[in-house]
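Chemist: The structure is given below, and queries will be raised subsequently.
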Amino acid sequence: MTEKEVKTRYKRAVFGFLWIILNPILQMLVIGGVFSFFIKIPNYFLFLFIGLLLWQFFSLSLSKATPSIVYERDLLQKAKFPIEAIPISIILSNFLHMLVSLVIFLPICLFLTKPNIFFLLLTLPFLLWLLALTIGLSLLTSSLNVRYRDFNFFVQMGLILLFYATPILYSMSILPEGLKSFLRLNPLSSIFETIRIGFIGQGSIDVKLVFFNLIFSLFLIILGVLLFKKESKYFVDYL
Amino acid sequence: MINDIAVRLEGVSKKYTLYHEKPTLVESILIRAKKEEFWALKDINLVIKKGERVGIIGPNGSGKTTLLKIMSGITTPTAGKVETHGKIVSLIELGAGFNPELTGEENIYLNGMLIGMSKSEIIRKKDEIIRFSGVGNFIDTPFYMYSQGMKLRLGFSILIHSNPDTILLDESMSVGDQVFQSKARKKFLEFLREGKTIIVVSHDFSFLRQYTKRILWFDRGEIRKEGDKKVIDDYWRHFH
Chain A
1 MTEKEVKTRY KRAVFGFLWI ILNPILQMLV IGGVFSFFIK IPNYFLFLFI
51 GLLLWQFFSL SLSKATPSIV YERDLLQKAK FPIEAIPISI ILSNFLHMLV
101 SLVIFLPICL FLTKPNIFFL LLTLPFLLWL LALTIGLSLL TSSLNVRYRD
151 FNFFVQMGLI LLFYATPILY SMSILPEGLK SFLRLNPLSS IFETIRIGFI
201 GQGSIDVKLV FFNLIFSLFL IILGVLLFKK ESKYFVDYL
Chain B
1 MINDIAVRLE GVSKKYTLYH EKPTLVESIL IRAKKEEFWA LKDINLVIKK
51 GERVGIIGPN GSGKTTLLKI MSGITTPTAG KVETHGKIVS LIELGAGFNP
101 ELTGEENIYL NGMLIGMSKS EIIRKKDEII RFSGVGNFID TPFYMYSQGM
151 KLRLGFSILI HSNPDTILLD ESMSVGDQVF QSKARKKFLE FLREGKTIIV
201 VSHDFSFLRQ YTKRILWFDR GEIRKEGDKK VIDDYWRHFH
């Protein structure tokens, strides 16, 4: 059994897709309309849109995957199968949606700004990094949610806070030094910054930050995988 | 010879921790929620050979269903070793593993994959599965349109077409109407003829007498008595 097959059930592509692209556009217009008075970043609307698109993938995946194992308790009670397919299939289908949105969006970026081809290619490993981090975190949160049913509330709360602690509305470079070193802890920082540089070609990559984030991400991913492996054997007893 | 063994359990125990309320993180940090331990199975040693027909009897809560769940790999024992050979299919939770939004046919793929059939195997057997289940025209309508009986029939049909070596039954030979039941029984007899391993949990003694050869009497998580059909008589006498 492959993940792809369980995925068919989540594939209501046409309907879901419209929503996926419409939501960041609307958010971009509203947030951009307000914040462009405070934050002076060239091409601010494009800048926002990339961040919002990535954020939508991350937050939607995490908030849907966290309770997914509890929702699919029927499947778990039916037969033995790789349980990780449930959260991963949700994330993969969201990832696909995001990729399509980015590809649609690319010509607009090329037209309005001057992306550097090298940085544009560099976004690919960073997108994979985002995918791996999202999967790792979801494995962590979804197995904790089986044990503790209120864990999903913590995730929802965490996501709201994380939205502001991630360089979506702003870039790391406009922050004062003290705040910046605090936000370095967020592994999403360099992912968002670098992918945005790739698409709109403005800003510079902070190699030290990338390195630091990468190590922290690896730690989270490994923690998620190990916990899921250990816990998944006993999921059924809690459902 | 290792190859003539279908299921081997070695010192298998299963502990359930009973929380008296829904488990939450806040509670487990703040007030160390009350816990109680319950051993559903205690140190079970059991070898079932290929082709054996085993009946399991015992009062409710004696660990019969937990045993089937452990054999099918749905849950993991707290202690001990489980060894299985060949494909095991359990006819429990027949109506589970379907998505109400997908059509019957799409659900055959989903459900079939879930119980470990390959895609090509499903394509090959799809028509036969549909015919056996008798859902007819409903096969391309969404699953929420199905009646309860149709869901169970389709679930049953998929499972028995997945070419199992060992079949775990939990009181579920009584699916569907008379017509379907006689079809199911015919298929069951066919499995018997093919020498498949069959493990049945049941309170239907006449069924057990007719189709099983070895009886295990479970009581509070332990095997109380084991033997041929005479165990059924002992069990009967014990409660009357």
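Protein sequences, first through last, are from chains A and B.
So for the first sequence, my numbering puts the first residue at 1; every next one is plus one.
So for the second sequence, my numbering puts the first residue at 1; every next one is plus one.
Glycine included, every Cβ here is placed at the ideal spot set by N, Cα and C.
Taking C-alpha atoms, which residue in B:L168, B:A96 and B:R214 lies nearest to B:G73?
Modeler: With distances taken between Cα atoms, B:G73 lies closest to B:L168.
Chemist: Looking at the strands, I want to know which residues DSSP matches up with B:T17.
Modeler: B:E37.
Chemist: What is the DSSP secondary structure of B:P142, reduced to helix, strand or coil?
Modeler: Note: B:P142 maps to strand in three-state DSSP.
Chemist: Can you check DSSP and say which residues form a bridge with A:A165?
Modeler: Paired residue(s): none; A:A165 is not in a bridge.
Chemist: Count the other CB atoms within 10 Å of the CB of B:D127; is the residue buried (16 or more) or exposed (fewer)?
Modeler: Looking at its Cβ environment, which holds fewer than 16 other Cβ atoms inside 10 Å, B:D127 is exposed.
Chemist: Go ahead and label B:W236 buried or exposed: buried means 16 or more other beta carbons lie within 10 angstroms of its beta carbon, across all protein chains shown.
Modeler: Exposed, because fewer than 16 other Cβ atoms sit within 10 Å of the Cβ of B:W236.
Chemist: Check the DSSP bridge columns for B:R237 and list the partner residues they point to.
Modeler: DSSP output for B:R237 lists no bridge partner at all.
Chemist: Taking the CB atoms as reference points, tell me whether B:K119 and B:H161 lie closer together than 8 Å.
Modeler: It is not a contact, given that the beta carbons lie outside the stated cut-off.
Chemist: So which residues on chain B does A:K180 lean against when the C-beta distance must stay under 9 Å?
Modeler: Those within 9 Å of A:K180 in chain B number zero; the least Cβ separation is about 32 Å.
Chemist: Can the beta-carbon of B:K241 be found closer than 8 Å to that of B:I56?
Modeler: No information on residue 241 of chain B is available, as it lies outside the stretch 1 to 240 that chain B covers here.
Chemist: Does the stretch 185–194 of chain A come close enough to the stretch 209–219 of chain A that 3 or more CB-CB pairs lie under 8 Å?
Modeler: Yes, the stretch 209–219 of chain A is in contact with the stretch 185–194 of chain A.
Chemist: Is A:Q202 close to chain B, meaning its C-beta is less than 8 Å from at least one C-beta of that chain?
Modeler: Chain B, which has no Cβ nearer than 8 Å to the Cβ of A:Q202, makes this no.
Chemist: Among the candidates A:L223, A:F153, A:S143 and A:L130, whose CA atom is the shortest distance from the CA of A:V241?
Modeler: It is not possible to answer for residue 241 of chain A, since the shown part of chain A is limited to 1 through 239.
Chemist: Which residues mark the beginning and the end of the beta strand (DSSP E) in which B:G55 is found?
Modeler: Its beta strand (DSSP E) spans residues R53 to I57.
Chemist: Buried or exposed, going by whether 16 or more other CB atoms sit within 10 Å of the CB of B:D234?
Modeler: With fewer than 16 other Cβ atoms within 10 Å, it is exposed.
Chemist: Going by the beta-carbon positions, is the gap between B:F242 and B:A184 smaller than 8 Å?
Modeler: Given that chain B is displayed from residue 1 to residue 240, the structure contains no residue 242 of chain B and the question cannot be resolved.
Chemist: What is the residue span of the beta strand (DSSP E) that B:E101 lies within?
Modeler: Counting along the chain, B:E101 falls outside any beta strand (DSSP E), and DSSP gives it neither H nor E.
Chemist: Buried or exposed for A:F81, please, with buried defined as at least 16 other CB atoms from any protein chain shown within 10 angstroms of its CB.
Modeler: The residue in question, A:F81, is buried, as its Cβ has 16 or more Cβ neighbours within 10 Å.
Chemist: Among B:I115, B:L94, B:L46 and B:L41, which one has its Cα closest to the Cα of A:A79?
Modeler: The option with the nearest alpha carbon to A:A79 is B:I115.
Chemist: From what residue to what residue does the alpha helix (DSSP H) around B:K119 run?
Modeler: It spans K119 to S133 - the alpha helix (DSSP H) in which B:K119 sits, taken as one unbroken run.
Chemist: Fully enclosed by the stretch 67–91 of chain B, which beta strand (DSSP E) runs are 3 residues long or longer?
Modeler: The stretch 67–91 of chain B contains these whole beta strand (DSSP E) runs: 79–84 and 88–91.
Chemist: Under the rule that 16 or more other beta-carbon atoms within 10 Å means buried, what is A:M157, buried or exposed?
Modeler: Burial call: exposed.
Chemist: For the stretch 41–75 of chain B, enumerate the residues whose C-beta is nearer than 8 Å to any C-beta of chain A, in chain order.
Modeler: Correct list: K69, S72, G73, I74 and T75.
Chemist: Within the continuous beta strand (DSSP E) that includes B:T166, where are the two ends?
Modeler: Element bounds for B:T166: T166 to D170.
Chemist: Which residue's Cα is closest to the Cα of A:I47: A:A65, A:S63, A:Q27 and A:F58?
Modeler: Position check: residue 47 of chain A holds Phe in this sequence, whereas Ile was assumed. The shortest Cα separation from A:F47 among A:A65, A:S63, A:Q27 and A:F58 belongs to A:Q27.
Chemist: DSSP state of A:A79, grouped into three classes?
Modeler: In the structure shown, A:A79 sits in coil (DSSP, three-state: anything other than H, G, I, E or B).
Chemist: Using the C-alpha atoms, what's the distance from A:G203 back to A:K180?
Modeler: Spanning the two alpha carbons is a distance of roughly 15 Å.
Chemist: Just mark A:N72 as buried or exposed, buried being the case when its beta carbon has 16 or more other beta carbons within 10 Å.
Modeler: Here residue 72 of chain A turns out to be Glu, not Asn, going by the sequence shown. A:E72 comes out buried.
Chemist: Got a sec: is the Cβ-Cβ distance from A:E5 to anything in chain B below 8 Å?
Modeler: Annotation note: pLDDT 46 at A:E5 (below 50); position unreliable, coordinate value reported separately. It does: the Cβ of A:E5 has a partner Cβ on chain B nearer than 8 Å.
Chemist: Please identify, using Cβ separations under 7 Å, the residues of the stretch 73–96 of chain B that lie next to chain A, in order along the chain.
Modeler: Answer set for the stretch 73–96 of chain B: G73, I74, T75, T76, E93 and A96.
Chemist: Suppose the cutoff is 8 Å on Cβ atoms and the five residues either side in sequence are ignored; what does the same chain contact list for A:I39 look like?
Modeler: Only L169, Y170 and I174 meet the Cβ criterion.
Chemist: Hey, A:G198 and A:L122: beta-carbon distance below 8 Å or not?
Modeler: For A:G198 and A:L122, yes; Cβs fall inside 8 Å.
Chemist: Can you name, in chain order, every residue of its own chain whose Cβ lies under 8 Å from the Cβ of B:M1, other than the five neighbours on each side?
Modeler: With a pLDDT of 49 at B:M1, under the threshold of 50, the modelled position of this residue cannot be trusted; read the value that follows with caution. Hits under 8 Å: none found.
Chemist: So, is the C-beta of A:A79 closer than 8 Å to a C-beta in chain B?
Modeler: Yes - at least one Cβ of chain B is within 8 Å of the one on A:A79.
Chemist: Give the straight-line distance between the Cα atoms of B:K229 and B:L216, rounded to the nearest whole angstrom.
Modeler: Taking the straight line joining both Cα atoms gives about 10 Å.
Chemist: Rounding to the nearest angstrom, what Cα-Cα distance links B:T17 and A:K233 in this structure?
Modeler: Taking the straight line joining both Cα atoms gives about 15 Å.
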